[in-house]
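A short worksheet on the structure shown next.
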Amino acid sequence: MTQEPFRQVQFVTKISKFCNLRCAYCYEFAELGQRERMTLEQLRQMYTHMRDYYVQKDQEDGIRTHLHIVWHGGEPLMIEPDYYWRTLDDQRTIFGDSLRTSNTVQTNLTVLDDERIRLLRDGFDNVGVSLDLFSGLRVNIAGRDQQKKVVTHMERLRSEGIPFGCITVLTKKNLARVKDTFSFYERAGIGFRVLPLFEGAYADQHEAYDITVPEIVSALNQIADLWLTSDNPVQVSPLDYQLQIVLRHLDPEAPRSYFNQREWLPVIVVNTPGDIYAYGDPYEDPQASLGNIFTTPLGELLSGPRFDASAREAEVRIAANCLNCKYFGACSGAAIANNRDNVHTVVDGIGVCDVDRAVLEHIENRLRTGDVLDRNGRVKAVTAPVVDPVS
Numbered sequence: 000m001t002q003e004p005f006r007q008v009q010f011v012t013k014i015s016k017f018c019n020l021r022c023a024y025c026y027e028f029a030e031l032g033q034r035e036r037m038t039l040e041q042l043r044q045m046y047t048h049m050r051d052y053y054v055q056k057d058q059e060d061g062i063r064t065h066l067h068i069v070w071h072g073g074e075p076l077m078i079e080p081d082y083y084w085r086t087l088d089d090q091r092t093i094f095g096d097s098l099r100t101s102n103t104v105q106t107n108l109t110v111l112d113d114e115r116i117r118l119l120r121d122g123f124d125n126v127g128v129s130l131d132l133f134s135g136l137r138v139n140i141a142g143r144d145q146q147k148k149v150v151t152h153m154e155r156l157r158s159e160g161i162p163f164g165c166i167t168v169l170t171k172k173n174l175a176r177v178k179d180t181f182s183f184y185e186r187a188g189i190g191f192r193v194l195p196l197f198e199g200a201y202a203d204q205h206e207a208y209d210i211t212v213p214e215i216v217s218a219l220n221q222i223a224d225l226w227l228t229s230d231n232p233v234q235v236s237p238l239d240y241q242l243q244i245v246l247r248h249l250d251p252e253a254p255r256s257y258f259n260q261r262e263w264l265p266v267i268v269v270n271t272p273g274d275i276y277a278y279g280d281p282y283e284d285p286q287a288s289l290g291n292i293f294t295t296p297l298g299e300l301l302s303g304p305r306f307d308a309s310a311r312e313a314e315v316r317i318a319a320n321c322l323n324c325k326y327f328g329a330c331s332g333a334a335i336a337n338n339r340d341n342v343h344t345v346v347d348g349i350g351v352c353d354v355d356r357a358v359l360e361h362i363e364n365r366l367r368t369g370d371v372l373d374r375n376g377r378v379k380a381v382t383a384p385v386v387d388p389v390s
């Protein structure tokens with residue numbers, strides 16, 4: 000049976016900036032006390048604009064769009080569950096069968112009761128939990144570390160049969176505990192994402208726990224070594240997609256792909272007032288906004304002078320980083336063109352792909368020195384977790 004061709008788009012939706020924590024590194028720090036939220040009517044307008052745009056695209060080229068809505072904050076679970084049940088009902092009414100959709104919530108998991116358990120189990124499709132381990136930076140307004148409460152709530156999720164993954168921010172505070180961090184998730188059987196610290200809300204916010212590019216590379220390489228030799232490997236991002244890049248690079252028959260924002264923008268950030276941004280652009284800068292999805296059809300936002308400027312910036316990043324990179328093609332270039340999380344060095348105003356490339360080299364070297372490649376440098380076997388294409 001022929002598989003229906005599909006593509007994916009993710010809308011990181013900042014439902015509200017309001018939060019009960021004051022994580023020391025949070026890039027939303029200045030706005031965490033603001034209680035404004037997207038209204039249900041605004042969300043209905045957003046869904047309508049999504050449906051109209053992507054259904055038309057699907058009809059034009061015969062490719063089915065899978066729409067992922069990621070509820071982000073602030074802390075999304077500070078909002079009452081009834082709000083989400085109502086907006087999920089609105090999605091079913093507006094999207095119908097025209098689009099395949101999923102809903103993910105990214106939560107600090109400090110607020111949990113029976114109604115929120117039901118929402119996480121029966122409402123959302125995926126749950127992401129923010130948990131740093133060993134850093135002491137995820138604190139409440141009184142400055143008290145909330146990790147013990149979060150781990151207790153994670154145990155509750157497991158007892159209720161609610162699957163979840165975690166995100167761990169890598170800082171100077173937990174840099175020396177990389178092995179312990181991996182072991183925690185490995186023993187628990189929980190997939191996780193390592194997110195190196197990046198720009199904060201103000202200039203000296205990260206002064207006490209900032210990390211350098213060599214430290215980031217060393218930590219990711221250490222996790223890669225642990226992951227590739229694990230008897231019980233869990234999914235680890237970004238290493239999962241980096242391994243896939245290396246495997247494609249080593250296989251001359253593997254298909255090549257090249258990121259082109261003008262053809263498809265895979266990740267879009269929706270700020271609380273409705274202004275949207277390509278994920279590679281500075282969403283704290285109003286000048287980088289593509290416009291407002293509550294008031295303007297998506298087709299207009301993904302065209303015109305603002306979108307053109309954003310696409311040109313992505314093309315500049317690819318030209319500066321990818322054209323002479325041996326992994327280009329196996330890697331589409333999206334990691335530097337459309338992901339600000341990967342930018343830790345800027346030269347002449349252009350983000351530099353210094354972390355990803357170094358980790359790709361390390362993974363390739365590990366494969367070459369292990370019993371993985373044949374005499375022609377082709378992969379003969381590799382043990383790795385199945386990759387979730389959405390992660």
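Using numbering that gives the first Met the number 0, the first residue of the sequence shown is number 0, and each one after it goes up by one. By construction, the Cβ of each residue, glycine as well, lies at the ideal position given by its N, Cα and C atoms. Just so you know, these numbers come straight off a predicted model, no measurement behind them.
Just to confirm, are Thr-103 and Asn-125 a CB contact at a threshold of 8 Å?
The Cβ atoms of Thr-103 and Asn-125 lie closer than 8 Å to each other.
What does the alpha-carbon distance come out to for the pair Gln-90 and Ile-275?
Rounded to whole angstroms, the gap between the alpha carbons of Gln-90 and Ile-275 is 19 Å.
Three or more C-beta pairs closer than 8 Å, one from the region 84 to 101 and one from the region 37 to 53: is that the case here?
yes
What is the C-beta distance between Leu-227 and Arg-365, in whole angstroms, given that I count them as a contact (C-beta under 8 Å)?
6 Å
Provide the residue(s) that pair with Gly-350 in DSSP beta bridges, ordered along the chain.
Val-345
Selected residue, minimal CA-CA separation from Ile-222, among Lys-147, Ser-256, Glu-35 and Phe-181:
Phe-181
Out of Arg-36, Thr-106 and Asp-88, which one is the CA nearest neighbour of Val-271?
The identity of residue 271 in the sequence shown is Thr, whereas the question assumes Val. Of the candidates Arg-36, Thr-106 and Asp-88, the one whose C-alpha sits nearest the C-alpha of Thr-271 is Arg-36.
Backbone secondary structure at Ile-166 - three-state DSSP:
Ile-166: strand per DSSP, three-state reduction.
Just how far apart, CA to CA, sit Ser-331 and Leu-359?
13 Å
Count the other C-beta atoms from every protein chain shown that fall within 10 angstroms of the C-beta of Ala-218, then say buried if there are 16 or more, exposed otherwise.
buried
Which full runs of the alpha helix (DSSP H) of 4+ residues lie inside the region 77 to 134, going along the chain?
80 to 94 and 113 to 117
If I'm right that Arg-137 touches Leu-42 with Cβ under 8 Å, what's the distance once you round it to whole angstroms?
Arg-137 to Leu-42, Cβ: 28 Å. No contact.
Range covered by the beta strand (DSSP E) that runs through Val-193:
191 to 195 is the extent of the beta strand (DSSP E) around Val-193.
Are there three or more Cβ pairs, one per stretch, closer than 8 Å when the region 140 to 147 is compared with the region 181 to 190?
The region 140 to 147 vs the region 181 to 190: no contact.
CB contact flag (Thr-86, Leu-39, <8 Å)
yes
Does the beta-carbon of Pro-75 have 16 or more other beta-carbons within 10 angstroms, so that it is buried, or is it exposed?
buried
Could you tell me the distance, in whole angstroms, from the CA atom of Tyr-240 to the CA atom of Val-345?
23 Å
Nearest-angstrom Cα separation, counted from Asp-203 out to Val-342:
18 Å
Kindly give me the distance between the Cβ atoms of Leu-194 and Val-168, rounded to whole angstroms, as I take these residues to be in contact under 8 Å.
Between the beta-carbon of Leu-194 and that of Val-168 there is about 5 Å, and that keeps the pair under the 8 Å contact cut.
Can you tell me whether DSSP reads Ser-390 as helix, strand or coil?
With a pLDDT of 33 at Ser-390, under the threshold of 50, the predicted position of this residue should be treated as unreliable, though the coordinate-derived value follows. Residue state, collapsed to three classes: coil.
Give the straight-line distance between the Cα atoms of Gln-243 and Leu-300, rounded to the nearest whole angstrom.
32 Å
Since Val-138 sits in a beta bridge, which residues does DSSP pair it with?
Asp-144
Between Ala-310 and the rest of its own chain, which residues show a CB-CB distance below 7 Å, the 5 nearest in sequence each way excluded?
Gln-260 and Arg-261
Going by CA-CA distance only, name the one from Ala-29, Cys-165 and Trp-70 that's closest to Phe-123.
Trp-70
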